[in-house]
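Taking my numbering, I'd label the letters of the sequence shown as residues -6 to 139. Note that CB positions come from ideal geometry on N, CA and C, so glycine has one too. Values in this document were obtained by computation on a predicted structure and should not be read as measured data. Before any comments, here is the structure.
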Amino acid sequence: MRRWTLLIVLLLLSSCISQEFRLANVAFCTCEPGKRECDRQPHATYRQGEIIWMYTECYKFRYIKDSEEYMSEFDITIEIFDDHGTNVRTITESFETPLDAEPDFVWFKLPVKSEGLERGKYTVLITLVDKYSGNIATKEAVFYIE
């Protein structure tokens, strides 16, 4: 019996520790987030005209050490779909992240203007490309405009 319990625990732990490039869940924030700091927007609901602040982190990316810095580079695409599945907005940006210490994660604050978005439910699809490895990670989340 103990052997099976140990096996189950090991399987659960190994499935929780991802070895691949990935994005964490997207958090919707009330204001501009900081590193591992996000005041959650209640029910991910915004008013028209407000900035939709999103926060996410990525793990298991490649970086290079350049003299005293660690550098990683990413391309990020934010696609917003309305409740009918129509793409209503696409934003693409590139990021370089110079860090003083060897990184285990990189965080992103992603502001999106809500002007032009009608009342309703929206799905955001975030696609992150690690430019050093070519790996791609995606994450979906839902927000609302009232």
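Bridge partner(s) assigned by DSSP for T131: The count along the sequence shown starts at 1 and reaches residue 131 at position 138. Beta-bridge partners of T131 (DSSP): T120.
Local conformation of P35 per DSSP, three classes: Start at 1 with the first residue of the sequence shown, and residue 35 comes out as number 42. Looking at P35 - three-state DSSP - the assignment turns out to be helix.
Proximity of K132 and D76 at Cβ, strictly below 8 Å: For this step, residue 132 is matched to residue 139 along the sequence shown. For this step, residue 76 is matched to residue 83 along the sequence shown. Result no, Cβ atoms of K132 and D76 do not sit closer than 8 Å.
Buried versus exposed, by CB contacts within 10 Å (16 or more), T83: Position 90 of the sequence shown, counting from 1, holds the residue named residue 83. It is exposed - the Cβ of T83 has fewer than 16 other Cβ atoms within 10 Å.
Sub-8 Å separation of V99 and E50 beta-carbons: Indexing the sequence shown from 1 puts residue 99 at position 106. Indexing the sequence shown from 1 puts residue 50 at position 57. Yes, the Cβ-Cβ distance between V99 and E50 is below 8 Å.
CB-CB length for S107 against E43, believed under 8 Å: Along the sequence shown, read from residue 1 onward, the residue named residue 107 stands at position 114. Along the sequence shown, read from residue 1 onward, the residue named residue 43 stands at position 50. Confirmed, Cβ separation roughly 5 Å.
Residues of its chain near Y141, where Cβ-Cβ distance is below 8 Å and the 5 sequence neighbours each way are ignored: One cannot answer for residue 141 here, as it falls past the ends of the chain, which runs -6 to 139.
Where the beta strand (DSSP E) containing D59 begins and where it ends: Residue mapping note: residue 59 aligns to position 66 of the sequence shown, counting from 1. From DSSP, the beta strand (DSSP E) with D59 extends over I57 to D59.
Enclosing beta strand (DSSP E) for N18 [first to last residue]: As a working note, residue 18 is residue 25 in the sequence shown. Unbroken run through N18: none, as it is neither H nor E.
Counted within 10 angstroms of its Cβ, other Cβ atoms place C220 as buried (16 or more) or exposed: This structure cannot speak to residue 220, because the chain is shown only from -6 to 139.
Reduced DSSP category for R112 - H, G, I as helix; E, B as strand; rest coil: Here residue 112 corresponds to residue number 119 of the sequence shown, with the count starting at 1. In the three-state reduction of the DSSP assignment, R112 falls in the coil class.
Cβ-based burial, Q41 [other Cβ within 10 Å; buried from 16]: Numbered from its first residue, the sequence shown carries residue 41 at position 48. Exposed, by the Cβ-count rule.
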